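Colleague: Below: one structure in structure tokens.
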Amino acid sequence: MIVLNQVSKVFNKGRQNEFVSLREISIMIPRQQVTVLKGPSGSGKTTLLSIIGGMSRPTSGRVTLDGRETTSLPERFLAALRRETFGFIFQQFNLINGISILENVMLPAVPNGERHATLKGRALELLAMFGLEARAATRVELLSGGEMQRVAIARALINNPRVIIADEPTAHLDSKLSGELITIMERLKQEGRTIIMASHDPLVCNAGVVDNLVEIRDGEIRDSAPAQ
Amino acid sequence: MTLRASTIFATYTALGLLLLAVIVIDSSSRSVTDRQQLEERRTLVKSLSLTDLVLFTDARYTRHPSMADRHTPFQDYPLSLEHFPSGSLIPPPPHVRSYGKY
Amino acid sequence: MANIEKQRAIIDFTLASLMRRKGKNAALLVVYTLVVAALASVMFLTKSIRSEAAAVLVDAPELVVQRMVAGRHEMIPLSYVEKIASIRGVKSVRGRLWGYYYDPVFGSNYTLLVPQESPPEEGKVAVGQGVARSALAEVDNIMPFRTNQGALFTLTVARVLPAGTELVSSDLVLLSAGDFKTLFGIPDGMATDLVAEVSNLSEIPTIAAKIARLLPDTRPIARDEILRTYDAIFNWRSGILLAILSGALLAFFIFAWDKATGLSAEERREIGILKAIGWDVGDVLMMKLWEGAALSLTAFVTGVILAWLHVFAGGAALFVPVLKGWSVLYPAFRLTPSIDLMQLAVLFFLTVIPYTVATIVPCWRAATAAPDSVMRG
């Protein structure tokens, strides 16, 4: 369970272009459920995901993960947390161009120092799950949008994380592929993972798999309720 | 089976460093042929009273630098500038550069 | 063990990353290697010639006495022999006959020398390998000379000096004293210079000073001065080599500068991605370190080996045009490998450290920044 307590995020604090992205957000994200942060662009969803996933620190407030506070963790531990506990799927995919999809999938596990053969095997299995193992050696930029999305998900799963965080996962997908994504999320939930997604796509927000819907606007929570 | 990039790199570097070690060790020990040739040269130096190695044969002071004095590079006339390319490779010997000798 | 696996995995990614710009990085590697090879070649050549001189000239004459007239090296009268022999501590003195002969047919300079021990018969010469090559002379061939009066003077090649002695004998033409004097028109009673032996080597400076006082038109040269002449050879301060060194340093500087002038937006983004997916600062910097080290280490190792092959297996062939200068006659460089470890170590640090540091430093800020900027699309 992830708990945010009075979390605020201010950019360029004290300067001319000071911008308050999040205002004293307090939220509880239950484990092994699908929580969707719903809101228009500029509402602070991305910043919130970023703080939940340990990619930035709040200006004030506390974040705890299963009772352990993460806000004041040293960078090294935070990085380890990002690596082992969280799996990110970015809106822009953020894959590394010029290298193969297999190498991309293996990347988050590199600092672990695992045996290469084991890691490679696991990466190939993941690609197989998404039907991409035949193209394992292909350079990532040669894939279609939907394929890249799946590689991004595979990469997020390589370290078997407890929590999956996805930012606008259907932004670059058509309805069919969006539907496939929801199916993948269902499967991941069945595997016992916690899923947090940010989206303003009704396909995602109204999907049956969603357990909790949190509405965010202008950096504040408007409404937080279990999904219908 | 394709080799990992790190394997290729590690192997190449290891072999290279090994080769370097061999080169370094080899240079500090002289082989029999080397010793023989060295002896030949030493003997000739002694019997012919030689004073210099044959490195350049274009000018007197580059052929016998140890025998050169301050004037030989400017042999033709006082303002004749140094014009042999090999002269820029071998500087005047220390005993020519030092002052107040004898 | 896990650390080795981790380093290998990082290296795999680093190399894959470098391969993305295959052409540029290959060119960089080639140029870097060649610069290292050039520097190392000069180092090897210098060291081995110096070692050679030190090893071979130990038996050079203990004292050489030259006569100077109006700033020029002139023949020395043999009457000086007695005067020098009378100095206490001098064991023996004798005149040396040697000089230069320019062969207009081939454009080469020979050093003519009359050996003290077993000189050739009248009419016969012994020649060095360089002479044999340059004048196309073999045993029993006739070599034509012109005396200083312009008359034709032929000598027959009796033997060619062994190839192994080329470094000291390549341009030598050994002949009898009579032939030498006839050829150059030297009167009896004169010699090119004098060589002296002393009973006690430590007395040489004293004796030299005495000779200079006794015979003010002479200039004594001691054996250790002869040896030290070669300490300065191919010194980095001498003309052409200074140019090479400057060029190499400029090259290193340019490579490092190229790396050090900050990260491109693409590189910054990629570091952000790595941080976001779970690499910490140490991992990112390690990757950058390998990026710099892989290239510079490979360039160093390859360059030094190429240099060794060039100088010791290839007779410094690429330097020959420079070394030759205007010489027509040129010894074949069969050098005994000799390496100055200190200089090699300096070359190593110069090659690897600045470039690697220049690769890491610009990433510092990007590597330590929080990865949330990546999320911002």
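Chains as they are written, first to last, in our numbering: chain A, 45 to 272; chain B, 3 to 104; chain C, 43 to 419.
Backbone N, C-alpha and C fix where the C-beta goes; we use that ideal spot for every residue, glycine too.
On a predicted model such as this, the values are computed, not experimentally measured, just so you know.
To the nearest angstrom, report how far apart C/Val388 and C/Ser90 are at their CA atoms.
Modeller: Whole-angstrom Cα-Cα distance: 18 Å.
Colleague: Do C/Ala233 and C/Gly137 have their C-beta atoms closer together than 8 Å?
Modeller: Yes, the pair counts as a contact, with Cβ atoms nearer than the cut-off.
Colleague: Just by C-beta distance, which residues in the region 235 to 259 of chain C are closer than 7 Å to chain B?
Modeller: Of all residues in the region 235 to 259 of chain C, Val237, Ala250, Ala251, Ala254 have a Cβ within less than 7 Å of some Cβ in chain B.
Colleague: Could you have a look at C/Phe86 and say whether DSSP puts it in helix, strand or coil?
Modeller: The answer is helix: DSSP assigns C/Phe86 an H, G or I state.
Colleague: Spell out a yes or no on whether the region 72 to 90 of chain C and the region 33 to 47 of chain B are touching, meaning 3 or more CB-CB pairs, one atom from each, closer than 8 Å.
Modeller: They do not touch, by the three-pair rule.
Colleague: When you compare only the Cα positions, how much space is there between A/Leu81 and B/Gly18?
Modeller: So the two alpha carbons sit approximately 57 Å from each other.
Colleague: For B/Tyr104, collect the residues of the same chain with a Cβ closer than 8 Å to its Cβ; drop the 5 residues on either side in sequence, then sort them by chain order.
Modeller: Model confidence at B/Tyr104 stands at a pLDDT of 49, short of 50, so the residue's coordinates are unreliable and nothing is read from them.
Colleague: Taking all protein chains shown into account, do 16 or more other C-beta atoms lie within 10 angstroms of the C-beta of C/Tyr450, making it buried, or fewer, making it exposed?
Modeller: Nothing can be reported for residue 450 of chain C, as the shown portion of chain C is limited to 43 through 419.
Colleague: Look at the Cβ atom of C/Pro404, then the Cβ atom of C/Leu305, and state whether they are nearer than 8 Å.
Modeller: Taking 8 Å as the Cβ cut-off, C/Pro404 and C/Leu305 qualify as a contacting pair.
Colleague: May I have the straight-line CA-CA distance separating C/Gly419 from A/Asn49, to the nearest angstrom?
Modeller: Note that C/Gly419 has pLDDT 49, beneath the 50 cutoff, so the model's placement of it is unreliable and the number below is only indicative. Those two C-alpha atoms are separated by around 26 Å.
Colleague: With a cut-off of 8 Å on the beta carbons, I'd call A/Arg166 and A/Val207 a contact; round off their distance for me.
Modeller: Contact flag wrong, Cβ pair sits at about 19 Å.
Colleague: Determine which residues share a DSSP beta bridge with A/Ser104 and list them.
Modeller: DSSP lists A/Ser52 as partners of A/Ser104.
Colleague: Contact criterion: CB-CB distance below 8 Å. Does B/Leu46 meet it with respect to chain C?
Modeller: It does: the Cβ of B/Leu46 has a partner Cβ on chain C nearer than 8 Å.
Colleague: Alpha carbons only, please: which of C/Leu360, C/Asn242, C/Gly113, C/Pro204 is nearest the one belonging to B/Gln39?
Modeller: Comparing Cα-Cα distances from B/Gln39 to each of C/Leu360, C/Asn242, C/Gly113, C/Pro204, the minimum goes to C/Pro204.
Colleague: Taking its Cβ as the centre, do 16 or more other Cβ atoms sit within 10 Å of C/Trp278, making it buried, or is it exposed?
Modeller: So C/Trp278 ends up on the exposed side.
Colleague: Using the three-state DSSP reduction, which class does A/Asn156 fall into: helix, strand or coil?
Modeller: Residue state, collapsed to three classes: helix.
Colleague: For a test of the three-state rule: what should DSSP assign to A/Ala269, helix, strand or coil?
Modeller: Strand at A/Ala269.
Colleague: So which residues on chain B does C/Met110 lean against when the C-beta distance must stay under 9 Å?
Modeller: Chain B residues near C/Met110: Asp71, His73.
Colleague: Are the beta-carbon atoms of C/Leu57 and C/Ala336 separated by less than 8 Å?
Modeller: A contact, by the Cβ cut-off of 8 Å.
Colleague: My understanding is that A/Ala210 touches A/Met173, with C-beta atoms under 8 Å, so please give their C-beta distance in whole angstroms.
Modeller: That pair is no contact at about 17 Å.
Colleague: Of all the alpha helix (DSSP H) runs that stay within the bounds of the region 264 to 351 of chain C, which reach a length of 4 or more residues?
Modeller: Qualifying alpha helix (DSSP H) stretches, in chain order: 265 to 271, 281 to 302, 307 to 318, 323 to 350.
Colleague: Touch check for the region 375 to 394 of chain C and the region 269 to 285 of chain C: three-plus C-beta pairs under 8 Å?
Modeller: Short answer: they don't touch.
Colleague: Can you list, in chain order, the residues of its chain with a C-beta nearer than 6 Å to that of A/Lys53? Leave out the 5 residues immediately preceding and following it.
Modeller: Result list for A/Lys53: Ser65, Leu66, Thr91, Pro102, Thr103, in chain order.
Colleague: Measure the C-alpha to C-alpha separation of B/Leu20 and C/Val353 and round it to an integer number of angstroms.
Modeller: One C-alpha to the other measures close to 19 Å.
Colleague: A/Phe132 touches chain C at which residues, Cβ-Cβ below 7 Å?
Modeller: Ala318, Ile319, listed in chain order.
Colleague: Considering only the beta carbon of each residue, do A/Arg199 and A/Leu151 sit closer than 8 Å?
Modeller: A contact, by the Cβ cut-off of 8 Å.
Colleague: May I ask you to list the residues that DSSP assigns as paired with A/Gly131?
Modeller: A/Ile208.
Colleague: Which partner residues does C/Leu145 have in the DSSP bridge list?
Modeller: Correcting the residue type first, residue 145 of chain C is Asp in the shown sequence and not Leu. Paired residue(s): C/Ser150.
Colleague: Rounded to whole angstroms, what is the Cα-Cα separation between C/Ala307 and C/Gly314?
Modeller: If I take the Cα positions, the gap works out to 11 Å.
Colleague: Quick one: what does DSSP say A/Glu235 is sitting in, helix, strand or coil?
Modeller: Looking at A/Glu235 - three-state DSSP - the assignment turns out to be coil, as it is neither helix nor strand.
Colleague: Sorted by chain position, which residues of the same chain lie with C-beta nearer than 6 Å to A/Glu230's C-beta, five sequence neighbours on each side aside?
Modeller: The residues are Val253.
Colleague: Could you work out which residues of chain B lie near C/Tyr142, taking near to mean beta carbons separated by less than 8 Å?
Modeller: The answer, in chain order, is Arg62, Arg65.
Colleague: What residues from chain C crowd round A/Met99, counting only those whose CB sits closer than 7 Å?
Modeller: Going along chain C in sequence order, the residues near A/Met99 (Cβ under 7 Å) are Ala318, Ala412, Pro413, Asp414, Met417.
Colleague: In the DSSP output, what is B/Met69 paired with across the bridge?
Modeller: For B/Met69, which the question treats as bridged, DSSP gives no partner whatsoever.
Colleague: Using a Cβ cut-off of 9 Å, pull out every chain A residue sitting near C/Ile315, in sequence order please.
Modeller: Within chain A, the residues near C/Ile315 are Phe134, Asn138, Leu139, Ile140, Leu151.
Colleague: Are any of the Cβ atoms in chain C nearer than 8 Å to that of A/His216?
Modeller: So no, A/His216 is outside the interface.
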